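Chains as they are written, first to last, in the working numbering: chain Y, 5 to 265; chain X, 133 to 862.
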């Protein structure tokens, strides 16, 4: 219990209120040809001791034959995933860019959140706000219940999670939904049927956002020359930012260092 | 026989007529004599009812029921006040100021009223209600009901010193003729300052638009004018002004759910800023409720929460005028089309375009008739989709690992589907078919902002109808609250049941479900209870008396138990669940010629009480279930535990969201001070419960006021042959 109390994901015990408005998400994004775009690349690292509750063991009592084939009795939820100082499971994006490259089509034609082995796959992804397939791949007899919530107040550290959609899915198969946040691009996933299933999505208005790789590295291409704010969001550790100047066809490096503080 | 028993009226009936009678008394008597003085009418009022809801052939003794007559002097706050001279000093200041500067007087008056309002919303609203009509969220567990200050004359026929006396000394300060032992009213001398009480009084008169009896004619006239002016302003309020006057107290000036009362309320008032509303009938793909949903929520309120029915005070047009205000607090664009252009949002992100008005409602045209076959199919669907949160029997007890939270991170609990009075979607007038349609709508569209999902996406319409039909059958599986004040114990020839699962329990005695109230009177108080009722059964034989106490409780609270620890809300401390039964000691109550009882929490110095206490124990530290016999002589004194508790036998079992606890003792008991439980005799009895996972321990707990325990005579002749009422009573 103590662990979850300090876990960033659950730091919501008190009733939160938001009276200070945030900037609108709805700034329109214009897709244009970018011929002399620059590139930013870099790496996310984590320094210092892991925060309390960085890894949480949550008991598996529902559908253990599917959710817990190795019969361990619990799921290890890694809220802060660090390997050789590299921080994984984080996003990097350009803030408030209003014009730039086209969105690439999603692989296989659709954005997809798959519920398989009682995990959301992938743990983190970037999507264009709009249609997405919610796939149940765990066979008959397993109830899934994805709850997708827009995380409002992330940058202030006081988060309200506003439901986008929340539905029971007792049968295997695909259900298409519209995953379009109102205000904030940060989205959390949890399963209301399995209390150990979590995931995260970013749905920004523009395509200049990526999930870092297994080694914590990232690259964002085809950025129109100009001055920007580059941000990195880690769902538990919060947001870090850096100022960025992109010159035509040039590459700049921007690294982010996270810590528990 | 009826005429002989005429003195023993139905208590319920008496209670229902009480308010009305007081009002008549005030009209006819108080207006002339300023003080209401009559203890006579209540006692002489005869009721011809000869049966009670429990089916007894005689009713319980009738309570003294007089309009409380105030004392000549009031000793509070280390002072002696002469009641005849005592005036509201704050009103006096306003009246003085009025003579010199009307504007300043109004400012002063507003300040006083506002301070009183804030105190009222912290201390009084739970029982006396938002509308001051005695229908606060705890009122259901309080009998006699909290006073309604709304009717014309309810306050205006009183002097403020009278109201001050009633607030400062509370229930315990009532004279015997007015049954102090039935009152929940705290003695506020211990909780509020003198000034705060006067502020609250000023607020109360102002809010209901009444003027107290003021001897100075000129001052009385000035006060009436002030009242008329404020009432006229209020009558024309609409939109934002109306919202700020009434709604902002809970929902906050900017709609963020953070008004002055918010911290005292569970569930918390809605935060309108992110446009998430729980109760809607629009289809699931519509995130917004229909305007009609918002209208209905405001007009009808949400029973058992802080949200009162505003239709009582406001016109439909006034209610409609609030809807755009509520929508306007939203800053995420809920009421904007998803493709609304940038220029329709201001610099702060608020939508400035035309607000969406949703009219679509989920269709129920394919309703499947309520049949056994459909119910059977529905049970299967319920097991697949609903039991993880609502429990196998629908009592709202989720799997232990489910630490359910709403969008704001507040802990929430699934609905107990077995108690219609807390399942609002079914707690409405209409045919069974209509109720099933309501269930269908709710489970189809879900409860937005909570873990309750929508099922339109993933469950077929046909299956949803079957589930709705099945859930309809769950509604009354907890015995409903009858309103009877009598627990009827039934005789058995042989041995009493040996456990809570003995079939004798469901066969023999009538089940009486009692509404409970949190202890708001004294000590560390409970203002955010989760459980609300207890079902009581009682059996006896020649030697022993046994109670079965049943209570829906979503959690088996047992410190050290892995499931209990997993589930525990980290903001609350986990304690053990516990139950208690209380009755007066021998000689500490009378039933005739007048009724007299101990104060209902632990008795009082003159009327001590005995408490049978059972505790569910804990795993860590390792404590098995245990019983205690406690002696009480008022809340000022610590309860004394007896050394030997062996004569009290008890055992409890928690299964599928319900405690069943059996408590047995010999009818005579070994302690000469304890009352003996004789046939055909009415003995006061009350009940208490501690929901350990809700942080309930010590004085923080749920309880009932006094009920009557009546041991049904073994042979009917023992009543019929009794020559006089005295013998019936003894």
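Note that the Cβ used here is the ideal one computed from N, Cα and C, for glycine as well.
Quick caveat, the model's predicted, so the values are computed rather than measured.
Closer than 8 Å at the beta carbon, the chain X residues around residue i
i, result
"residue 156 of chain Y", "406, 464"
"residue 153 of chain Y", "539"
"residue 100 of chain Y", "Result: empty, since nearest Cβ-Cβ is about 12 Å, beyond 8 Å."
"residue 191 of chain Y", "Within chain X, no residue comes near residue 191 of chain Y; the closest Cβ sits about 13 Å away, beyond 8 Å."
"residue 179 of chain Y", "589, 590"
Where residue i falls: helix, strand or coil (DSSP)
i, result
"residue 115 of chain Y", "coil"
"residue 637 of chain X", "helix"
"residue 184 of chain Y", "coil"
"residue 140 of chain Y", "strand"
"residue 103 of chain Y", "strand"
"residue 707 of chain X", "coil"
"residue 334 of chain X", "helix"
"residue 225 of chain Y", "strand"
"residue 615 of chain X", "coil"
"residue 253 of chain Y", "coil"
"residue 843 of chain X", "strand"
"residue 545 of chain X", "coil"
"residue 64 of chain Y", "coil"
"residue 131 of chain Y", "coil"
"residue 160 of chain Y", "helix"
"residue 716 of chain X", "strand"
"residue 784 of chain X", "strand"
"residue 87 of chain Y", "strand"
"residue 409 of chain X", "coil"
"residue 245 of chain X", "helix"
"residue 274 of chain X", "coil"
Closer than 7 Å at the beta carbon, the chain X residues around residue i
i, result
"residue 164 of chain Y", "406, 539, 540"
"residue 186 of chain Y", "464, 465, 466"
"residue 167 of chain Y", "408, 539, 580, 581"
"residue 170 of chain Y", "578, 585, 586"
Alpha-carbon spacing of residue i relative to residue j, whole angstroms
i, j, result
"residue 604 of chain X", "residue 593 of chain X", "17 Å"
"residue 574 of chain X", "residue 493 of chain X", "12 Å"
"residue 224 of chain X", "residue 648 of chain X", "40 Å"
"residue 245 of chain X", "residue 427 of chain X", "29 Å"
"residue 452 of chain X", "residue 183 of chain Y", "32 Å"
"residue 526 of chain X", "residue 398 of chain X", "22 Å"
"residue 782 of chain X", "residue 656 of chain X", "27 Å"
"residue 441 of chain X", "residue 262 of chain X", "9 Å"
"residue 73 of chain Y", "residue 228 of chain Y", "48 Å"
"residue 25 of chain Y", "residue 481 of chain X", "A caution first: residue 25 of chain Y carries a pLDDT of 42, below 50, which makes its placement in the model too unreliable to give a value."
"residue 623 of chain X", "residue 666 of chain X", "22 Å"
"residue 255 of chain Y", "residue 242 of chain Y", "26 Å"
"residue 785 of chain X", "residue 681 of chain X", "11 Å"
Neighbour list for residue i in chain Y, Cβ cutoff strictly below 7 Å
i, result
"residue 534 of chain X", "199"
"residue 516 of chain X", "147, 174"
"residue 470 of chain X", "184"
"residue 705 of chain X", "Simply none; closest approach about 11 Å."
Exposure of residue i, with buried meaning 16 or more beta-carbon neighbours within 10 Å
i, result
"residue 158 of chain X", "Only weak support exists for where residue 158 of chain X lies, its pLDDT of 32 falling under 50; the value from the coordinates is given anyway. Under this definition residue 158 of chain X is a buried residue."
"residue 248 of chain Y", "buried"
"residue 145 of chain Y", "exposed"
"residue 736 of chain X", "buried"
"residue 281 of chain X", "buried"
"residue 81 of chain Y", "buried"
"residue 637 of chain X", "buried"
"residue 512 of chain X", "exposed"
"residue 462 of chain X", "buried"
"residue 251 of chain Y", "exposed"
Beta-carbon neighbours of residue i, restricted to chain X and to distances below 9 Å
i, result
"residue 196 of chain Y", "520, 521, 534, 536, 583, 584, 585"
*For the region 102-124 of chain Y, enumerate the residues whose C-beta is nearer than 7 Å to any C-beta of chain X, in chain order.*
Flagged: no residues at all.
*Compile a chain-ordered list of the residues in the region 518-531 of chain X whose CB is closer than 7 Å to at least one CB of chain Y.*
Cβ proximity to chain Y below 7 Å picks out 520, 531 from the region 518-531 of chain X.
*Listed from N- to C-terminal order along the chain, which residues in the region 579-612 of chain X have their beta-carbon within a distance smaller than 7 Å of any beta-carbon of chain Y?*
Within the region 579-612 of chain X, the residues whose Cβ lies closer than 7 Å to some Cβ of chain Y are 580, 581, 583, 585, 586, 587, 589, 590, 591, listed in chain order.
*Given a limit of 8 Å on CB to CB distance, which residues of the region 59-72 of chain Y reach chain X?*
With the criterion set as a beta carbon lying under 8 Å from some beta carbon of chain X, the members of the region 59-72 of chain Y are 62, 63, 65, 66, in sequence order.
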